[in-house]
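Data first, discussion second: the structure below is written as structure tokens.
Protein chains: 2
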Amino acid sequence: MTQFPVLPAGVSAAAFARAVAEFSEIVGREHVITEPEKLAPYRKVYIAVPEDSVAPSAVMMPASVPEIQKILAVCNKHRVPIWTISTGRNIGMGSAAPAMRGEVILDLRRMNRIIEVDPDLASALIEPGVTYLQLKNHIEERNLPFWVDAPSPGPIVSPIGNTLERGHGYTTNQDHMYSFSGMEVVLANGDVIRTGMGPLPNCKSWQAFRSGYGPYIDGMFTQSNFGIVTKMGIWLTPVTEGAKSFVVYYGKREDLPQAVDTFRRLRLAGTISVSGSILSGLTLLGFGQRRSSFYAGTGAIPREEVDALLQQRGLPQWRVGGVVYGDEEETAIKLRKIKRAFEATGPTQVLIEDSSGVVPSWGEGDLASATGHLSLDAFRILNFIGGGGVMWHMPVSAMKGHYVEQLCTMSEDILRRFGFDYLSMNWCNDRDMHQTTGIFFDRTDPAQMRAAHDCYDALMQETSMAGFGNYRCSIHYMDKAAELFGPELRSFHRSIKRAIDPNGILAPGKSGIHI
Amino acid sequence: MTQFPVLPAGVSAAAFARAVAEFSEIVGREHVITEPEKLAPYRKVYIAVPEDSVAPSAVMMPASVPEIQKILAVCNKHRVPIWTISTGRNIGMGSAAPAMRGEVILDLRRMNRIIEVDPDLASALIEPGVTYLQLKNHIEERNLPFWVDAPSPGPIVSPIGNTLERGHGYTTNQDHMYSFSGMEVVLANGDVIRTGMGPLPNCKSWQAFRSGYGPYIDGMFTQSNFGIVTKMGIWLTPVTEGAKSFVVYYGKREDLPQAVDTFRRLRLAGTISVSGSILSGLTLLGFGQRRSSFYAGTGAIPREEVDALLQQRGLPQWRVGGVVYGDEEETAIKLRKIKRAFEATGPTQVLIEDSSGVVPSWGEGDLASATGHLSLDAFRILNFIGGGGVMWHMPVSAMKGHYVEQLCTMSEDILRRFGFDYLSMNWCNDRDMHQTTGIFFDRTDPAQMRAAHDCYDALMQETSMAGFGNYRCSIHYMDKAAELFGPELRSFHRSIKRAIDPNGILAPGKSGIHI
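First to last, the protein sequences are chains A and B.
Going by numbering that gives the first Met the number 0, the first residue of the first sequence is number 0, and it counts up by one from there.
Going by numbering that gives the first Met the number 0, the first residue of the second sequence is number 0, and it counts up by one from there.
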């Protein structure tokens, strides 16, 4: 019996003990966790795999880049793999847990400095442990006219972590992958590089100009295990003169393609100011209401029953929500165009925020998100079934009505096959639509665990083969997800991995990349 | 005396002869050029280095990806380096010539298929040899409501080539680095990879969703020598309901910071719809007029003379130009805000396009560019001195008034030191400003060649050390440009290069990257 119930793959108990001792010297014993009970929060997941299969061997919490560099030297010496987290709130995708059992968690929560917020450029230079709430509070204290662009679990997550995972928010900077400028990255060999214009002395544009000179490498460090990002320039959204929301209800399932095509045209034209959403009826019902409160059966609720439930409650089959920015005059003009365009498609209702500021039902959420408010409201959907199980399937379609309909129908059919309801949020961008479909299940029920696991596999596999690739996935599925993208790309990733991390110490298995 | 006056570095005449014979078998003898007189256009440059120093050894023009794969096998066998061009119009930065003498030009002009234009998504899948004009004509023939977003030399250049070099245009897709989705890339080992969602069978979002799954690698293939891009998804701009332009004249040199800050605020707020420009007075004078027509001296025109010339001709020290999109009402609202904001800064004149459609002086160019028109008008500035010499210095500043002023003053001082006038176009984005400063000189005058060469060196070196890094540079300066960004980044680039192109056959020296 070793003192470490979980060890990294291929590392002996003796070597690991030496590594832990060296880690403790670097960061201080109090910032290294090896006690099983204290490790529990790091193995707690919502996904449909046993916690033991994703249990870390230890956690360490460095306070600085030099400490990370020293940690990497120890990792290289003992071949100890590490899994980096910012705040570890990757809920429904693996939370703080590593892709492979035994990886040591490198928890960057102590590196939480807001180094700079530029009042002219609407940008912030921050460390990984900073949360959206912390950044928002800082901005408000300084009375700066900026919003943070946070994803649904905004308050508690890290802008850097969310950006590296390709998260989305709700203002004009919502595609986080394209709303940052400049990184500082620690490589596996301990080298510290700055991207963009960052390497220059007295640099005048690190947070302003993304591309730098030579290959644009920042993207390589997203959804990857090629380096540890320790600083990033995040773009903030200037507060707009005004904002108003609109909501469109569609009563028939087959209305979806028209809703999608109309949204796309308005968004591509810039009439709708930011991405919006198309929610399925059951998603509306499931927000904040446990299923058992309105349905007593097992398995997926039959379609006709869903229809009846929606009708009873006055809910649509599809709800389109969006926001426009501008002053009173500008938003009025845009909303007029939006109303006209959607009304031509035969919806049940088009609810437009009027000039008196009265917001129609359901509009609060859209508008609040699009104007920099943070909340954990979206989490209300997590309790739909109860029992602590949720996994997100995140496929992407072009923003074309018939494609989106194909994907939604397909997703619903697969979910039903495994006994799950179809709750999905279709995020409408301009040219693409990415879907967040939830599998909600009771983690204490082995049959549901198995069904959820297999359902996720079927969703990933079948939608991918139909051409709807996922843009993000649960830690337990990363190898298969990478496989779905074919051997050439994977071989390319591996060539890079071997070149810059020959001992494979950085997050083996992340996005299916191993040495 | 060999049959090849120029050979690639380290390749014997015999090996090169064998390689050329094999290339000829692959692409057909008629698509391989080795005759010095036929190679002349490929060594013709505007930059201040002797053509002989950047002379290619040969040119080959493949017609397909399989031909490129076979070419790469030959290159690997004989260690023959190749320099890829799309149309080779990198004017003022090296045109079609390679960074290192003797590289074989891989000219992709025959790969000029427009594979698809999606009428819903406003996107095009194209090959490297396609030009903006060809794409525009195709769109017009199909009556699609899209504009191409072309850079100044639009008609004759390749959207793929321009995007890979981080070119900019004038519509909402103007930062080309962030206005494409999906690539097909041939690697040095002959593997063909697709990025983004492209590897999936029946893919539904290759041209719609950029990021794919796992590391975002597309950026690696820009300004680099890591692969040969053979297809790309280019985003088109939906024709807007309307567009209007505005122009602001400032009479004093010291007005610049206010102009910059005002533009930034309006652009970040979305009031100004696309990036604009701030041109120095002499730039306005130099468009289409040879210097000798208004100044007879040698060396830089003294400041007082410049001031007098501008005053005589009613030209400002700085001209701000920009465009707003929207219908009549929307553009009127925006222009009103713009007028008010700039008028508060004490300009000489604010010219706003009125509702009758009358465009004020100098406005045509801005508006035409921002509404999809293509022209070679910008080339008129190339003849400012005459003698075929031009080099562009392209430093970047954050879009802050006092930084931009520092950069402009610095650039002018350096140019004057070497006897050149200050003609510069400051492209105003939201958070950054990138400058295009021209050195115009007579290539037939050895003293001017030397001065231009040394001036470029001083501009690059001194502005970089002050924190204004360049985002693009002449082929002759790539090693030094990479050096300015420090050893860590360069070593990282080299690690990747060695891993994926171990024989260094792809464009050695590009962006300072060698094996």
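For each residue, glycine too, the CB sits at the ideal point set by N, CA and C.
The continuous stretches of alpha helix (DSSP H) do not include Gly313 of chain A, and DSSP gives it neither H nor E. For Leu199 of chain B, the closest of A:Cys454, A:Pro394 and A:Gly371 by C-alpha to C-alpha distance is A:Pro394. In this structure, B:Ser180 is the residue among B:Ser180, B:Val238 and B:His475 with its C-alpha nearest to the C-alpha of Gly218 of chain B. Here Glu183 of chain A is bridged, per DSSP, to A:Arg193 and A:Lys230. Setting aside the 5 residues that flank it on each side, Leu366 of chain B is surrounded in the same chain by Ala242, Lys243, Ser244, Val322, Glu352 and Val358, each with a C-beta closer than 8 Å to its C-beta; the list follows chain order. The three-state secondary structure of Ile474 of chain A, taken from DSSP, is helix.
Considering only A:Ile46, A:Leu124 and A:Asn142, the residue with the shortest C-alpha distance to Ala96 of chain A is A:Ile46. Among the CB atoms of chain B, none fall inside 8 Å of the CB of Val319 of chain A.
If you draw a straight line from the Cα of Cys472 of chain B to the Cα of Glu36 of chain A, it is about 57 Å long. For Arg141 of chain B, no Cβ of chain A is located within less than 8 Å of the residue's own Cβ. DSSP lists A:Trp317 as the bridge partner or partners of Tyr249 of chain A.
Listed in chain order, the non-local C-beta contacts of Gly153 of chain A below 6 Å within the same chain comprise Tyr131 and Leu373, local neighbours out to five positions each way being set aside. Residues of the region 328-349 of chain A that bring their beta carbon within less than 9 Å of a beta carbon in chain B comprise Glu328, Glu329, Ile332, Lys333 and Lys336, in sequence order. Across the structure, Val273 of chain B and Leu134 of chain B are spaced so that their CA atoms are roughly 22 Å apart. C-alpha of Ser122 of chain B to C-alpha of Ile512 of chain A: approximately 31 Å in a straight line. For Gln222 of chain B, a Cβ of chain A is located within less than 8 Å of the residue's own Cβ. At a cut-off of 8 Å, the C-beta of Ile138 of chain B has no neighbouring C-beta in chain A.
With distances taken between CA atoms, Ile81 of chain A lies nearest to A:Gln68 out of A:Asn89, A:Gln68 and A:Lys333. DSSP places Leu143 of chain B in the coil class of the three-state scheme, outside both helix and strand. Closer than 8 Å to the CB of Phe225 of chain A there is at least one CB belonging to chain B. DSSP places Ile413 of chain B in the uninterrupted alpha helix (DSSP H) bounded by Gly400 to Arg416. Taking the Cα positions, Tyr177 of chain B is about 17 Å away from His167 of chain A. For Ile495 of chain B, the closest Cβ of chain A is nearer than 8 Å. At a cut-off of 8 Å, the C-beta of Cys202 of chain A has a neighbouring C-beta in chain B. Boundaries of the beta strand (DSSP E) around Gly437 of chain B: Asp431 to Asp441. Secondary structure at Leu373 of chain B: coil, using DSSP grouped into helix, strand and coil. Cys454 of chain A carries a helical assignment under DSSP once its states are collapsed to helix, strand and coil. C-alpha of Asp478 of chain B to C-alpha of Ile504 of chain B: approximately 17 Å in a straight line. Remark: fewer than three beta-carbon pairs, one from each stretch, lie closer than 8 Å, so the region 18-25 of chain B and the region 482-502 of chain A are not flagged as touching. In the three-state reduction of the DSSP assignment, Leu278 of chain A falls in the strand class. Looking at the backbone, the Cα of Leu422 of chain B and that of Ser292 of chain B are separated by about 16 Å. Annotation for Glu21 of chain A: the continuous alpha helix (DSSP H) segment containing it runs Ala12 to Val26. Sequence-distant Cβ neighbours of Asp456 of chain A in its own chain, meaning closer than 8 Å and more than five residues away, are Tyr476 and Lys479. Counting the other Cβ atoms within 10 Å of the Cβ of Leu71 of chain A gives 16 or more, which makes it buried. Pairing Met182 of chain B with Met231 of chain B gives a Cβ-Cβ distance under 8 Å.
In summary, Leu267 of chain A is buried, with 16 or more beta-carbon neighbours lying within 10 Å of its beta-carbon over all protein chains present.
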